[in-house]
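In order, the protein sequences belong to chains D and Z. With the numbering used here applied, the first sequence has no gaps in its numbers, which climb one by one up to 1584 at the end. With the numbering used here applied, the second sequence has no gaps in its numbers, which climb one by one up to 216 at the end. One structure is given here, and the rest of the page talks about it.
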Amino acid sequence: MNRAELRRMAEEERERQERLRCRIMVCVGTPCLTAGALAVLDSLREALGESRLDAEIEAVACGCMGPCSRGPLVKVRPQGKREIIYERVTPDLARQILFSLVKGRRPPTVSALPADLPFLARQTRVVLANSGSIDPGRLEEYVAAGGYGALAHALHEMTPDDVCREVTASGLRGRGGGGYPTGVKWNLARKAPGERKYVVANGDEGDPGAYMDRSIMESDPHRILEGMALAGYATGAEQGFIYVRGEYYLAGRRLEAAIRAAERAGLLGSRVLGSNFNFRIDIRTGAGAFVCGEETSLMASIMGRRGQPWQRPPYPAQRGLWGCPTLINNVETLAAVPAIVSQGGKWYGGIGSAASKGTKVYALAGQVEMAGLIEVPMGTTLREVVFDIGGGIPGGRRFKAAQSGGPSGGCIPATELDTPLDYESMERIGTIMGSGGLIIMDETSCMPDVASFFLDFCRDESCGKCPPCRVGTVEMHRLLRRITGGAATMDDLARLEELCELVGATSLCGLGMTAPNPVLSTLRYFRDEYEEHIIQRRCAAGVCTMAEAPAGPDGEALLHAMGVAGEEA
Amino acid sequence: MPHPESKQQTGIPPEMAADPRFQAVERTIKQFQCRADALIEVLHVAQEAFGFLSDELMGYVARQLKVPFSQVYGVATFYHFFSLEPRGAHTCVVCTGTACYVKRSAEIVTRLEREFGVKAGTTTEDGSLTLSTVRCLGTCGQAPVMVLDGETIGGCSPDSATAAVKVLLESGRPPTIDDGRSRRRRGGGGTP
């Protein structure tokens, strides 16, 4: 395929869509499938077939629309009219919607989301631009939305240097949590000497409670492929790997199909878009190890080994996969690249705050009215995200904390609700941006128990290579369990703080270095809760076992039953 | 590990060569041209075909990829996904990610453990049910979530989860292979 053919494909698909009277998009992302989206899609297709309307109206399986807690979501896009999104759609309701369309009646208003719903209206969608409006299984739809245009433009009009410059100008920083300037990384990989180079997309989204990458891979797989190809062109790599988390079965299959479709169309493989650039992408599937999100462990895993990290420097951009220069970027970072190349780094840099440019996708979950995936400019305050976009805390309860950054991050208390969400501000208040999971907690959450939950996670996921992390996380978890179990003394708390410092300073990789963060940040803002547990043996949230309220039949060992089989503190 | 067949160049023990499940593993190995870095991909396929990784199976993979058995064993035990023991006829996986934790998925685990007499991560004595936990399925919007024989169920409570597992065990429904299609076939059965 060359540029003219790409343009023709886009035009033909656009014309096809315009000929249709209406397109009904059913979200088939994992959350909506869980809620029964497939039955909705089947019933729509059946009804269309029965009434012979297939030529006029199309039922499309599309990607994530955002408000995942309200699934299955259905978006109705009548030609030339305002689109409507329906929540919690049943197969029956789907048929009703369809027949109102056919008969020209007013569409049902039950379960229709208001058009000005802040959850939808207050977002700035760059990475998620196509999510929920194209069928991830059809290359044509991505191309019709302007897809692969950036790659075609770069291959024919730009030098690899230009591409790097554009990415640098955009101010894009690593979206996996590190926040390292992407342009600098690309330049390093480009300048590194080596016959063979690699590009790796990190889709091992291990942070519990974060699912931006899964959603992007499922909803818009071609965007990632295009971003990787651009990275390959810019750095001089001809081979790319996408490392997909093992739990994300559907994402892996959709990426696989997308790679095949792109190869058939000549958008990947040899002589991409009629140029001299060759680029091939392979998928590697993770097997359930959190540490593999760390770049050196991830590379070990791609090479078929145990996912254990190694000492840096040399950095992957100098010596990575099989000793060759390797560019590793998070899936979300790469997904932002096509938009940056096609619309310019300056445009992207104009969004967001001074030091943190662009947009960030957050997975909003936990005790919040409307949970789901949102994309907002960097620097949006937490209050806006939780109360305006997320609709606040359900059940009239009070906001207590937002957990960001997963096991490497920390908790943001109510006093810091007006903190802008960007790299610097979040670091200042003792947490990290991380991959973008935001778990909202209300007063039913107990902070020492939250810290214990994350330390249990780190203890379990520690790869065992370096002793500070291997031994330290076990010991920290033991101390936390003493606190939540009502057996701790103030000495234990002092020892815990001492250990936090030691483990953070001496561990080999990111997992160990950041493992103390959940403890440190909860201690910083909720020290009184720790002391209450130790001195008064009381858990105000009623989570821990020594709570004053008598434990009911289900009350015993509520939280410590997981992952600690056969181990007693 | 003693492997009497290891001297054979073909590497396939005769009693296993007749097994059709081997073809899937063999195909994957060939697809990756017996490269050692395909080890994890091959183990994925092997576990999918056989349900677990036996010593024989790992020995076979080691010979085909020309890596030491210790490396295969090391990888198989490092990653949570691989199981060296057969799983029960039915599987129940409860998500214990942060969003599910905040919505008290631990209570679901405790309840299921007590109700069915099985510890998380193990199989019941009669081999009917394997209960395990997972670190986030990325379905946080529907928390708390569990997966029954490959079918994801959102918005669980200890009661609804117990009921759903009971129905599954009593239905006599043959276990579905977790091939992703089963995951998409039906949805939301156990939502209260």
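Glycine is no exception: its CB is placed at the ideal position from the N, C-alpha and C atoms. Remember, predicted model here, so these are calculated numbers, not experimental data.
Shown here, Thr1250/D sits in a helix according to DSSP, grouped into three states.
The straight-line gap separating the alpha-carbon atoms of Ile1100/D and Ala1076/D is approximately 14 Å. When the five nearest sequence neighbours on each side are left out, the beta carbons in the same chain lying within less than 7 Å of the beta carbon of Arg1510/D are those of Leu1494, in order along the chain.
Put simply, the CB of Glu1278/D is far from chain Z, with every gap to its CB atoms at 8 Å or more. Judged by their CB atoms, Met1393/D and Ser1419/D are not nearer to each other than the 8 Å cut-off. Beyond the five residues adjoining it in sequence on each side, Gly1086/D comes within less than 6 Å, by CB distance, of Pro1046, Cys1047, Ala1050 in the same chain, given in chain order. The beta-carbon of Ile177/Z is placed less than 8 Å from the nearest beta-carbon of chain D. Contacts with chain Z at 8 Å (Cβ-Cβ) do not include Thr1396/D. Around the C-beta of Ser1312/D, 16 or more other C-beta atoms lie within 10 Å, and the residue is accordingly described as buried.
When DSSP states are grouped into helix, strand and coil, Val1117/D belongs to the helix group.
Ala1070/D counts as exposed, since fewer than 16 other beta carbons sit within 10 angstroms of its beta carbon. By alpha-carbon distance to Ser156/Z, the top candidate from Cys164/Z, Gly162/Z, Thr147/Z, Thr163/Z is Thr147/Z. In chain order, Arg1038, Glu1098 place their CB closer than 6 Å to the CB of Arg1092/D, counting only its own chain and leaving out the 5 sequence neighbours on each side.
Note that the region 1366 to 1386 of chain D touches the region 1451 to 1462 of chain D; at least 3 beta-carbon pairs, one per stretch, sit closer than 8 Å. Contact of Tyr97/Z with chain D is not assigned, every C-beta pair being separated by 8 Å or more. For the C-beta of Cys164/Z, the chain D residues within less than 7 Å are, from N- to C-terminus, Gly1224, Tyr1226, Ala1378, Ala1380, Ala1386. Per DSSP, Tyr1213/D is one residue of the beta strand (DSSP E) stretching across 1213 to 1218.
Closest in alpha carbon position to Asp1219/D, among Gly1081/D, Ile1298/D, Arg1153/D, is Ile1298/D. Identification of chain Z residues near Met1528/D by a Cβ-Cβ cut-off of 8 Å yields none; the smallest Cβ-Cβ distance measures about 20 Å. Straight through space, the alpha carbons of Thr1434/D and Arg1398/D are spaced by roughly 8 Å.
Around the beta-carbon of Glu1061/D, fewer than 16 other beta-carbon atoms lie within 10 Å, marking it exposed.
In the structure shown, Val1075/D adopts extended strand secondary structure according to DSSP, grouped into three states. Apart from the 5 residues on each side of it in sequence, Thr120/Z sits with its Cβ closer than 6 Å to the Cβ of Ser129, Thr157 in its chain, given in chain order. Shortest Cα-Cα distance from Tyr1377/D to any of Phe102/Z, Cys164/Z, Cys58/Z, Leu67/Z involves Cys164/Z. Going by beta carbons, Phe1541/D and Tyr125/Z fall outside the 8 Å limit.
For Phe106/Z, the nearest CB of chain D lies under 8 Å from its own CB, placing it at the interface with that chain. Of the residues assessed, Ile1389/D falls on the buried side of the cut-off, its CB having 16 or more other CB atoms within 10 angstroms. In terms of Cα proximity to Cys1473/D, the closest of Asp1222/D, Pro1428/D, Gly1301/D is Asp1222/D. In this structure Asn1291/D is exposed. Its beta-carbon is surrounded by fewer than 16 other beta-carbon atoms within 10 angstroms. Spanning the alpha carbons of Val1041/D and Arg1120/D requires a straight line of approximately 21 Å. Within 8 Å of the CB of Ala187/Z, no CB atom of chain D is found; the nearest one sits about 15 Å away.
From the listed residues Leu1143/D, Met1505/D, Pro1533/D, the smallest Cα separation to Val1518/D is found for Pro1533/D. By the rule that beta-carbons nearer than 8 Å mark a contact, Gln1418/D touches chain Z. A buried status is given to Ala1416/D, since no fewer than 16 other beta-carbon atoms sit within 10 Å of its beta-carbon.
The Cβ atoms of Tyr1545/D and Leu1508/D lie closer than 8 Å to each other. In terms of Cβ geometry, Cys1307/D and Gln166/Z do not form a close pair [threshold 8 Å].
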